[in-house]
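Novice: Residue numbers (mature numbering (1 follows the signal peptide of the UniProt record, and there is no 0)): -18 to -1, 1 to 414. Even glycine gets a Cβ: it sits at the ideal position worked out from N, Cα and C. This structure is in structure tokens; I'll ask about it shortly.
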Ligand SMILES: *[C@@H]1O[C@H](CO)[C@@H](O)[C@H](O)[C@H]1NC(C)=O
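Below you can see the structure in the form of structure tokens.
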């Protein structure tokens, strides 16, 4: 990588890199299960130690000039107490890694946690050593789990050993690693309507020479403390045709086996969503002894249908009731409000008194209905609009339905009409 220009402007360093690659320096936490800490309770304790992760050679769009706060310069005097991971990320590359570069400028927080990782069935002491890195950017749909493998270094007397991790450091005082496997998602949270379809995104990447032949993708749903399997696919990369087994525990869930094997796209499609599909989905991709996960929230949302009990409101002396029905929505939190807007008002007035709510009714599909009843105030003047306004998370803006209060028809009109009908009926009888 060649840095062709370095300009110091204000507090920012503007770095323009050639070859479309850049370094990303992230502040992380090394998370370890607390061993021998004074804690008495049974809960597991975790210690967090500040660490730095330098991602080398992150691919960026050509001609993109980057403003990074801290271009990476290794410390001049290597420090065996510092935890400084250095990882090359050209193969496999991190999808959308440019998000990490821009996060600093956009003041988005990057959450980076590093922990030790043991491949299935491995002895802890064996070399190389592995670490799991989980990366998330606040407010951005970027989430990746990386597995780092330490590079074997030739040791001599001058080799420094990292104090905490007991691992040899490079000349520049970094723990040299490479990314060998990663699982990522373009979404953290998805909302979809009842009976609709949804795609939950999950992908993985491994080096050009696959880590192993066995590939296993599992989707699970976790909700209110209960977990269940949604879909599982097992295959062998050297004999995809002969070995692929797909098992859908949830009916109407599917994965495209060709996309899984060909593109590392392990996204799942769920058809005809029900309320019980809501929850936290976990996509676990295992390649041989390595596995990593992504977590996606699925929210089922269904906007209410709002109707009024009357199409016409004729003001009478006796009290009248208007009902506003809000039906088949999900989730439960909806708000209903009555307003009146007379021709002389500029702003609608909230009608708080004489309002009563029915209790929620739940339908077979899990959706809810609710009605609000208003006893129409006696002082309402003709021409006033009575509005029922409903707010719900599935609605971008509140929904309103209204009816116009009309003055009663003059009584004589009814007499004339009644007389006419009787006359017509009479003649009809006579003529037969
Ligand atoms: C997987 O494929 C779907 C389309 O079939 C696409 O929308 C999605 O972005 C892909 N996901 C990944 C991780 O490549």
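(1) Alpha carbon to alpha carbon, how far is residue 164 from residue 129? Give it in angstroms, no decimals.
(2) Can you tell me which of the three DSSP states residue 50 falls into?
(3) Can you tell me the Cβ-Cβ gap for residue 60 and residue 125, rounded? I've got them flagged as a contact below 8 Å.
(4) Can you tell me whether residue 183 is buried or exposed, with buried defined as 16 or more other CB within 10 angstroms of its CB?
(5) Go ahead and label residue 55 buried or exposed: buried means 16 or more other beta carbons lie within 10 angstroms of its beta carbon, across all protein chains shown.
(6) At a cut-off of 7 Å, is residue 168 close to ligand 1 when judged by its beta-carbon and the heavy atoms of the ligand?
(7) My output table needs one value for residue 223: the three-state DSSP class, helix, strand or coil.
(8) How would you call residue 67, buried or exposed, if buried means at least 16 neighbouring beta carbons within 10 angstroms?
(9) Do you know whose CA, among 180, 72, 57, lies nearest residue 3's CA?
(10) Go ahead and label residue 332 buried or exposed: buried means 16 or more other beta carbons lie within 10 angstroms of its beta carbon, across all protein chains shown.
(11) Assess, as a yes-or-no matter, whether the region 218 to 238 is touched by the region 192 to 199 under the definition of 3 or more beta carbon pairs within less than 8 Å.
(12) Below 7 Å, is the gap between the Cβ of residue 35 and the nearest heavy atom of ligand 1?
(13) Taking the alpha-carbon of residue 214 as reference, which of 201, 205, 207 has the nearest alpha-carbon?
(14) Can residue 160 and residue 181 be called in contact, C-beta distance under 8 Å?
(15) Give the list of continuous beta strand (DSSP E) stretches no shorter than 3 residues that lie fully inside the region 43 to 118.
(16) Just grab the DSSP bridge partners of residue 201 for me.
(17) Distance check for residue 147 and residue 179, CA to CA, integer angstroms please.
(18) Within 10 angstroms of the Cβ of residue 227, are there 16 or more other Cβ atoms? Answer buried if so, exposed if not.
(19) Give me whichever residues DSSP pairs with residue 326 in a beta bridge.
(20) Verify whether the separation of the beta carbon atoms of residue 352 and residue 342 is less than 8 Å.
(21) Is it the case that the Cβ atoms of residue 41 and residue 12 are separated by a distance below 8 Å?
(22) Between residue 5 and residue 36, which are expected to be in contact by the criterion C-beta below 8 Å, what is the C-beta distance as a whole number of angstroms?
(23) Within 7 Å: the Cβ of residue 97 and any heavy atom of ligand 1?
(24) What do you reckon, are the CB atoms on residue 469 and residue 309 nearer than 8 Å?
(25) In three-state DSSP terms, what is residue 288?
(26) Consult DSSP for residue 299 and reduce its assignment to one of helix, strand or coil.
(27) From this set, 208, 170, 149, which residue's C-alpha is nearest residue 110's C-alpha?
(28) Under a Cβ-count criterion, where at least 16 other Cβ atoms within 10 Å of its own Cβ denotes burial, should residue 158 be classed as buried or exposed?
(29) Flag this pair as yes or no: are the beta carbons of residue 151 and residue 257 separated by less than 8 Å?
(30) Which residues mark the beginning and the end of the beta strand (DSSP E) in which residue 245 is found?
(31) How is the beta strand (DSSP E) around residue 163 delimited, first residue to last?
(32) Taking only heavy atoms of ligand 1 into account, decide whether any of them is closer than 7 Å to the Cβ of residue 253.
(33) Answer with buried or exposed for residue 406, where buried requires no fewer than 16 other C-beta atoms within 10 angstroms of its C-beta.
(34) What residues match up with residue 396 in a beta bridge as DSSP calls it?
(35) For ligand 1, I want to know if residue 439 counts as a neighbour, meaning its beta carbon is within less than 7 Å of at least one of the ligand's heavy atoms.
(36) Determine the direct distance from the alpha carbon of residue 326 to that of residue 303, and round the result to whole angstroms.
Specialist: In brief:
(1) Numbered from its first residue, the chain shown carries residue 129 at position 147. Numbered from its first residue, the chain shown carries residue 164 at position 182. Approximately 6 Å between the Cα atoms of the pair.
(2) Working through the chain shown from its first residue, we reach residue 50 at position 68. Model confidence at residue 50 stands at a pLDDT of 45, short of 50, so the residue's coordinates are unreliable and nothing is read from them.
(3) The sequence position of residue 60 within the chain shown is 78, counting from 1. The sequence position of residue 125 within the chain shown is 143, counting from 1. So it is not a contact: roughly 33 Å between Cβ atoms.
(4) Sequence index remark: in the chain shown, residue 183 carries index 201 (1-based). Its Cβ being crowded by 16 or more others within 10 Å, residue 183 is buried.
(5) What you label residue 55 is simply residue 73 of the chain shown in a count that begins at 1. That one is exposed.
(6) Your numbering for residue 168 matches position 186 in the chain shown. Yes, the Cβ of residue 168 comes within 7 Å of a heavy atom of ligand 1.
(7) For this step, residue 223 is matched to residue 241 along the chain shown. Helix at residue 223.
(8) Here residue 67 refers to the residue found at position 85 when the chain shown is read from its first residue. Buried, because 16 or more other Cβ atoms sit within 10 Å of the Cβ of residue 67.
(9) What you label residue 3 is simply residue 21 of the chain shown in a count that begins at 1. Residue 3 has its Cα closest to that of 72, out of 180, 72, 57.
(10) Within the chain shown, the letter at position 350 stands for residue 332. Residue 332 should be labelled exposed.
(11) yes
(12) Numbered from 1 along the chain shown, position 53 holds the residue referred to as residue 35. The answer is no for residue 35.
(13) Locating residue 214 in the chain shown gives position 232, counting from the first residue. The option with the nearest alpha carbon to residue 214 is 201.
(14) Working through the chain shown from its first residue, we reach residue 160 at position 178. Working through the chain shown from its first residue, we reach residue 181 at position 199. Against a cut-off of 8 Å, the Cβ pair of residue 181 and residue 160 comes out as no contact.
(15) 48 to 50, 66 to 70, 92 to 99
(16) Position 219 of the chain shown, counted from the start, is the residue given in the question as residue 201. Answer is 213, 265, bridged to residue 201.
(17) Here the question's residue 179 lines up with position 197 in the chain shown. Here the question's residue 147 lines up with position 165 in the chain shown. Distance between the alpha carbons of residue 179 and residue 147 is about 47 Å.
(18) Translated into positions along the chain shown, residue 227 becomes position 245. Classification for residue 227: exposed.
(19) Indexing the chain shown from 1 puts residue 326 at position 344. In DSSP, residue 326 forms no bridge with anything.
(20) Locating residue 352 in the chain shown gives position 370, counting from the first residue. Locating residue 342 in the chain shown gives position 360, counting from the first residue. Yes, these two residues count as a Cβ contact at 8 Å.
(21) In the chain shown, residue 41 corresponds to position 59, counting from 1. In the chain shown, residue 12 corresponds to position 30, counting from 1. In this structure, residue 12 does not lie closer than 8 Å to residue 41 by Cβ.
(22) Within the chain shown, residue 5 is the residue found at index 23, counting from 1. Within the chain shown, residue 36 is the residue found at index 54, counting from 1. 6 Å between Cβ atoms; contact.
(23) On the chain shown, position 115 is the one that residue 97 refers to. No, Cβ of residue 97 sits at least 7 Å from all heavy atoms of ligand 1.
(24) Lying outside -18 to 414, the shown extent of the chain, residue 469 is not represented and no answer is given.
(25) By one-based count along the chain shown, residue 288 stands at place 306. Strand at residue 288.
(26) One-based indexing of the chain shown puts residue 299 at position 317. Correct three-state label for residue 299: coil.
(27) Within the chain shown, the letter at position 128 stands for residue 110. Among 208, 170, 149, the Cα nearest to that of residue 110 belongs to 149.
(28) Within the chain shown, the letter at position 176 stands for residue 158. It counts as buried.
(29) Within the chain shown, the letter at position 169 stands for residue 151. Within the chain shown, the letter at position 275 stands for residue 257. No; because the gap between Cβ atoms is not below 8 Å, this pair is not in contact.
(30) Position 263 of the chain shown, counted from the first residue, corresponds to residue 245. Taken as a continuous stretch (DSSP letters only), residue 245 belongs to no beta strand (DSSP E), being part of the alpha helix (DSSP H) at 239 to 245.
(31) Here residue 163 refers to the residue found at position 181 when the chain shown is read from its first residue. It spans 157 to 167 - the beta strand (DSSP E) in which residue 163 sits, taken as one unbroken run.
(32) By one-based count along the chain shown, residue 253 stands at place 271. Answer for residue 253: no, Cβ out of range of ligand 1.
(33) Residue mapping note: residue 406 aligns to position 424 of the chain shown, counting from 1. So residue 406 counts as exposed.
(34) Locating residue 396 in the chain shown gives position 414, where the first residue counts as 1. According to DSSP, which records beta bridges pairwise, residue 396 is partnered with nothing at all.
(35) This structure cannot speak to residue 439, because the chain is shown only from -18 to 414.
(36) Position 321 of the chain shown, counted from the first residue, corresponds to residue 303. Position 344 of the chain shown, counted from the first residue, corresponds to residue 326. Rounded to the nearest angstrom, the two C-alpha atoms are 23 Å apart.
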